[in-house]
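The sequence shown begins at 1 in the UniProt record's numbering and counts up one residue at a time.
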Amino acid sequence: MEGPSSSSNRRDRKTMEKNRRLQMKTLYTKLDSLLPHSKEEVPLLMDRLDKTTEYIKSLQEKLKVLKERKEYIIYRSGGTSSSASATMVTPPHIEIHDLGPAMEVIVISSPSERFVFYDMVIVLEEEGVEVLNASSSVLDDKVFYTVHSLVPESRSAFEMSRILERLKRLIM
């Protein structure tokens, strides 16, 4: 036969378990509130945890890119930072080869300069240059972007220099 203390211990354990579950529910609710809201409902706990893990990893990657960008800006402005000398980001390099009716643009930059490729193609198209082929390749800590394009025959040397200046401003 069970005594009164046994029933009291059981109630205490039930109460502790109930409190623990309520606390976990509160923590999951807080976690869900920190995630970006999506239209799809994630009903399972494991799915929510997986989604949270993916979100945290994406934020860490964004943070890494922003830190690299900050170091590059500090480096470009001539300032020094404790980690700027350690990571020493090299500024992007641009080459333009005029091949008569065709033009080849080569940009060499760091992997943190992800926007350069897209913006470079946009600038060329805005200037009326027809992009024929665009590619990129990664070697060590450098990314090589190559764009082959067709230049209208009516382009003057002045207009070509304007395109070059716009591209230089873009990457610098």
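Ideal Cβ positions, reconstructed from N, Cα and C, are used throughout, including at glycine.
Predicted, not measured: the structure shown is a model, and the values here were computed from it.
Open item on the list: Please classify Glu-17 as buried or exposed, where buried requires at least 16 other C-beta atoms within 10 Å of its C-beta.
Closed with: The residue labelled residue 17 in the question sits at position 17 within the sequence shown. Glu-17 is exposed by the Cβ-count criterion.
- [ ] Output the boundary residues of the alpha helix (DSSP H) element that contains Glu-125.
- [x] For this step, residue 125 is matched to residue 125 along the sequence shown. 115-126 is the extent of the alpha helix (DSSP H) around Glu-125.
Task: Val-65: first and last residue of the uninterrupted alpha helix (DSSP H) it sits in - done: In the sequence shown, residue 65 corresponds to position 65, counting from 1. Note, Val-65: alpha helix (DSSP H), 45-77.
- [ ] Could you pull the start and end residues of the beta strand (DSSP E) that Glu-130 belongs to?
- [x] The residue labelled residue 130 in the question sits at position 130 within the sequence shown. Unbroken beta strand (DSSP E) run through Glu-130: 130-139.
Open item on the list: Taking only three categories from DSSP, how would you classify Ser-6?
Closed with: For the purposes of this step, residue 6 is taken as residue 6 along the sequence shown, with counting starting at 1. DSSP, reduced to helix, strand and coil, places Ser-6 within a helical segment of the structure shown.
Task: Residue range of the beta strand (DSSP E) that includes Leu-35 - done: As a working note, residue 35 is residue 35 in the sequence shown. Neither: Leu-35 is in no beta strand (DSSP E) and is coded neither H nor E.
Task: Buried or exposed by the 16-neighbour rule on C-beta atoms within 10 Å, applied to Ser-112 - done: Here residue 112 corresponds to residue number 112 of the sequence shown, with the count starting at 1. Buried, since its Cβ has 16 or more Cβ neighbours within 10 Å.
Task: Simplified DSSP state of Ser-149, which is helix, strand or coil - done: For the purposes of this step, residue 149 is identified with residue 149 of the sequence shown, where counting begins at 1. Ser-149 falls in the strand class under three-state DSSP.
- [ ] Please classify Ser-109: does DSSP put it in a helix, a strand, or coil?
- [x] Residue mapping note: residue 109 aligns to position 109 of the sequence shown, counting from 1. Ser-109 falls in the strand class under three-state DSSP.
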